[in-house]
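Encoded as structure tokens, the structure appears first; notes follow it.
What follows is the structure, encoded as structure tokens:
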């Protein structure tokens, strides 16, 4: 399970691809509203205010789409290997591939600075529902969206108080706007690599084992955040348990589940079922084939395409599982009954009818418009038709120049002042560019756009008047100088004038594309996003009025706690045990990828206790974005590290199935044992054990 | 539109991929049951027995999945370029690519023999319903399937009367077994290439224009069948009209529509909607990406992969359209109402309940089992996991050796005596083998099988015990000698003993795979195919009892006639005219593929009348398999050549939409004009015009 960007698809992923594992203790609960009564009743455990505050401050978010936690007072962060792929790719050079080998910085001096990575610690949260409601009251459509942006922008700016490099503030809409919160994050942009295993160890079993169980993965990374060139002081952290959890034990996961669709109306789920998921699968499978053939050409290509291929593989499996869930007639019928019940309540009351009566029909109408626009929207606004890093850079520069001429509240979200530091960090990343690869990807995606939208679509007529999509890509990639960070900086700071004057062919391509993007972005915003937001918020307010905080809100890639037990499940009637062991790892291994053990693990076989647990499953309710989440016990000790979900967990995006959904974690016992006996990372073990 | 195999997918295509265009004159009518009353009432035309017999004998079937017609008394056959791709690829050599250039044999001596092609002429048809019913009465499940095979095999053997090289006999189940017919075909295996344009002309506009309109394609091939080394004498043929059809004119198409699902139950359509179509799309899109990247490497690769890529592109567009149709809620609801009406009729009568009551439930149960088995069935029985020509050869040899030890009626259909000549012709085809390509395709498909079925699936444990899927593929392709036709012949004639003794690694791989294939084939046959056949036949008999031959049977890749008018349709409220012209072709052209004109057409611009019609649409009800069908007027003159359907036609697989579905044809006027003025094929024009 990952929620990590290969390239341009990052935004899309956050919006659409989140997968899920649910559990015998349903719910992703905000720390401001934990189900304390249930915890007390079922487990005899009541989290204290201090316990909750400690969990909040020891947990972190990785801006690109993951979770993590502090595991020492010296800024040491534990997350997944797959959450550090961007850093590893950025630090890799020909002949020095950080995905292919393990890395361990025995001293602070050896720690490597990630080219573009941001770790965020939630420090305060404030309920701003009243302010948001005041600003949006009585508005709908574009006016509603604009009012929401304006008030959010104002609240965020006041919260940052001029220091966007230290703070990130975000207005978060829980219950689809039933509650609005202002979250303030401490922002760490100096993130350094301390330890990672090789990818064959972190992702042992590869694509076929992904979203499966039993698993034997050591999917972790250790990073350190620095402030003013020194390791950050992080007194709130989770000490590691040397023994891991016991079967049946109550455990918590603290992290940032990305997105769930559990409050969606039936009309929304139907759009996902068709056309969204089948068409995305088709797009991704095409990209998968392209990347596989490109990788088969030679080892260099395989290295260059590896990260994106990993991401695409993962997305395909995740969507496959979600599509299967949406085609489960029984579960879908249950969902339909729930909606009928709620709508019947509304229909029975004149007051409710007046306030909420039109909401479902309005959602359905917006979904129909969205489905009809899906292909151009995906190709143009989501960059499905412009799938190359060099284009992304050019487009960020071109769109950024345009957006920064607007008042903050009128800008597209990524270009608002609060979000510019993250965008600039990515845009100016010194990670190497691969023109041969970008030419293939851009050519293939432009071609796909032309094929699926038709040669007669206005954007195709403009772009391909004299040259084919592949020629357009080859010329833009061949002629661009954007691989040069200094040029990107100059164009960025030069703004609209610099962009207009640039003769760079990739900038020219982005300039040609811009009006189509802006027009479609606006149309979609007005006809789909805004009415959807307004009307799903209406339904959410109704639910909130009926159920209050006795239920949990849909996931929003913000801090949530879930609880569960370490326990297996029944697969086709047979029990799947909760733990795997080191012995199982060596038995599952073969002499070829992705079942080949790394030299370090082969050599360590006799030093490891075969009974040491490797991975375990628990019934915690998690989804993508929870990758890297700590699994902690009631005493606040870290007993595991979330990295995946089992196959039935993929339906967790839409509903909860406590019997079968399981989260998959690396056991803390093997985390420590392997650092010691496989990697001889004594200083690191020392730091993790003692906090010194 | 095509129904032409790239490689192993041929069988699958015939079963699943057929697309469709329906029309204002619904129905694909067997010649034995034309809607004469309707034709008389609506058009004042009554086809005479002589007219019908003439149409039957002048029409032909291309065994690989197309239609065609005789267009001179000297065995000259007109079909589509895309129906001759197998021949063109088989005849191509490095530096001599018959897809990239046009070919014209000015004399008979220059005509090139296709390595593997079969043209079939339907000579007699006999109603054998009584015999089939006697043999299958009271049977169900496996016993039913076995009885059906036994009686079919007996009838076919008697019909062939020992000369399988001259005759092909087939028991055809119309109305899903409501009527059974024995069709006898004259078989022509010596087929020679007379004329083809280059592919950029036949498929002008390429993938984006495919299944679209307006079109400007010259999608034709001219072939000649020979008997004993001399052109066959074919006194029944269609003379070409030099002017083509008029707008609004009544026209007929005669051909072999492959398969429709119009009589399917809702349960069957739902299985297509999920999982079948989304999973096939995913498989095909992956293959598309793979082939595109492979083709991008160099011109040789592009040539090698071109045919399969063309086929895959086409299949994707076709399934995309069918999936969209199945997700049309209104049309689907109409279909559900029809089924409810029929089931209510049954429920209302004790007699009907007894006989037909359980059929829908039995179909639904078989569909559920089929859907659960779909992935392994597709990977193993349909060879989705073994997607390479060298493997196909090995498997035909290995399975053929096994099957030929069984009595004819117990064999898998392709290995029954009546079908061996076709199989042998393909197996012994001297068409070149491309090991580099086969290794990529086999490696990728084995990997996909492992990824989708899991490393723990028994077949994967067996095949990948010591080597990865890619290694298994590389070793089998690297070590095999099956490119040698003589070796294939020796192994084929050596039977089980030769196969068991062979040290060839591809034969060894096929031997390893065989038990999984046989077991799954049998399980699927018993649990899915047989109960489906028995129960859909039951429902069809009910319909047949209620409606008789007043309705037409689902398509069966056998001779059918459809009628319609030359007419456009409304797209988003705007009229699409029925004809395109030579002027439109030159206007649509660009300086890059697939919109680049061939040198021959560029040079001929001034010699062609810009007003000459290129393509036209008509409301005839056709589907895949109709490719190459003649469009004839009431006087039996050939006025067009079917090659595609418009976008709304893709729902024609499931239902009829006379307002929008259109068939797309090459106008006979441009067929003759271009042969004369672009290709200077004077002798050919002479033959077509005069029959001499």
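Protein chains in written order, with our numbering: chain A, 1 to 692; chain B, 1 to 692. Each residue gets a CB set at the ideal place from its N, CA and C atoms; glycine is no exception.
Does any residue of chain B bring its CB to less than 9 Å from the CB of residue 591 of chain A? yes
For residue 81 of chain B versus residue 196 of chain B, is the C-beta spacing smaller than 9 Å? yes
Please decide whether residue 266 of chain B counts as near chain A, where near means a Cβ-Cβ distance under 9 Å. no
Inter-residue CB distance, residue 60 of chain A and residue 156 of chain A (contact presumed, cutoff 8 Å): That belief does not hold up - the Cβ atoms of residue 60 of chain A and residue 156 of chain A are roughly 20 Å apart, past 8 Å.
What three-state label does DSSP hand residue 637 of chain B in the structure shown? coil
Touching or not, the region 633-642 of chain A and the region 178-187 of chain A, by the rule of three or more beta carbon pairs under 8 Å? In this structure the region 633-642 of chain A does not lie against the region 178-187 of chain A, because fewer than three pairs of beta carbons, one per stretch, are closer than 8 Å.
Output needed for residue 305 of chain A: all residues of its chain with C-beta closer than 7 Å, excluding positions within five of it in sequence on either side, in chain order. Contacts found: 291, 294, 295, 437.
Who are the neighbours of residue 480 of chain A on chain B, taking C-beta pairs under 8 Å? Correct list: empty, because the minimum Cβ distance to chain B is about 20 Å.
Any non-hydrogen atom of the ligand NAD closer than 8 Å to residue 275 of chain B Cβ: In terms of ligand content, the structure shown is empty, and the ligand NAD therefore cannot be addressed.
Are there 16 or more other CB atoms within 10 angstroms of the CB of residue 165 of chain B, so buried, or fewer, so exposed? exposed
With a threshold of 16 other CB atoms inside 10 Å of the CB of residue 21 of chain A, please say whether the residue is buried or exposed. Because residue 21 of chain A sits at a pLDDT of 31, beneath the cut-off of 50, its placement in the model cannot be relied upon, and the following sentence gives the value as read from the coordinates. Buried is the label assigned to residue 21 of chain A, since at least 16 other Cβ atoms lie within 10 Å of its Cβ.
Roughly how many whole angstroms lie between the Cα atoms of residue 307 of chain B and residue 299 of chain B? Taking the straight line from one Cα to the other gives about 14 Å.
Coarse secondary structure for residue 213 of chain B, derived from DSSP in three states: coil
Classify residue 110 of chain A as buried or exposed, calling it buried when 16 or more other Cβ atoms lie within 10 Å of its own Cβ. exposed
Three-state secondary structure (DSSP) at residue 531 of chain B? helix
Report the neighbours of residue 61 of chain A on chain B: residues whose CB is nearer than 7 Å to its CB, in chain order. Residues of chain B passing the Cβ test: none, with the nearest at roughly 31 Å.
Rounded to the nearest angstrom, how far is the Cβ of residue 385 of chain B from that of residue 393 of chain B, given a contact under 8 Å? Not a contact, Cβ separation roughly 16 Å.
To the nearest whole angstrom, what separates the beta carbons of residue 531 of chain B and residue 141 of chain B, a pair I think is in contact under 8 Å? 6 Å
Residue 669 of chain B and residue 244 of chain B closer than 9 Å at C-beta: Yes, the pair counts as a contact, with Cβ atoms nearer than the cut-off.
Is residue 179 of chain A buried or exposed, if buried means 16 or more other CB atoms sit within 10 Å of its CB? buried
Which of the three DSSP states, helix, strand or coil, is assigned to residue 379 of chain B? Residue 379 of chain B falls in the helix class under three-state DSSP.
Given residue 481 of chain A, which residues of its chain have a CB within under 7 Å of its CB, disregarding the five upstream and five downstream residues? 487, 504
Using Cβ-Cβ distances below 8 Å, what residues of the region 204-237 of chain A are close to chain B? 205, 207, 208, 209, 212
Output needed for residue 167 of chain B: all residues of its chain with C-beta closer than 8 Å, excluding positions within five of it in sequence on either side, in chain order. 159, 160, 161, 184, 185, 186, 187
Quick check on residue 194 of chain A: buried or exposed, where buried means 16 or more other Cβ atoms within 10 Å of its Cβ? Around the C-beta of residue 194 of chain A, 16 or more other C-beta atoms lie within 10 Å, and the residue is accordingly described as buried.
Proximity winner among A/685, A/137, A/650, A/78, relative to residue 325 of chain A (alpha-carbon distances): A/650
Kindly say whether residue 90 of chain B, judged by its beta-carbon, lies nearer than 9 Å to any beta-carbon of chain A. no
Give, in chain order, every residue of the region 311-332 of chain B whose Cβ lies closer than 9 Å to some Cβ of chain A. 313, 316, 317, 320, 323, 324, 326, 327, 329
Going by beta-carbon coordinates alone, are residue 618 of chain B and residue 647 of chain B separated by less than 9 Å? no
Name the chain A residues whose beta carbon is nearer than 7 Å to that of residue 296 of chain B? 440
Could you tell me the distance, in whole angstroms, from the CA atom of residue 256 of chain A to the CA atom of residue 272 of chain B? Counting only the Cα atoms, residue 272 of chain B lies some 37 Å from residue 256 of chain A.
Figure out for me which residue from B/492, B/282, B/519, B/303 has the closest Cα to the Cα of residue 96 of chain B. B/303
What residue from B/613, B/576, B/574, B/563 has the CA that sits closest to residue 583 of chain B's CA? B/613
Collapsed DSSP secondary structure at residue 616 of chain A in the structure displayed: Strand at residue 616 of chain A.
Return the residues of the region 275-289 of chain B that lie within a Cβ-Cβ distance of less than 9 Å from chain A, sorted by chain order. 275, 277, 278, 279, 281, 282, 283, 284, 285, 286, 287, 288, 289
Pick out the complete beta strand (DSSP E) segments inside the region 184-234 of chain B, 3 residues or longer, and give them in chain order. Correct list: 190-196, 221-227.
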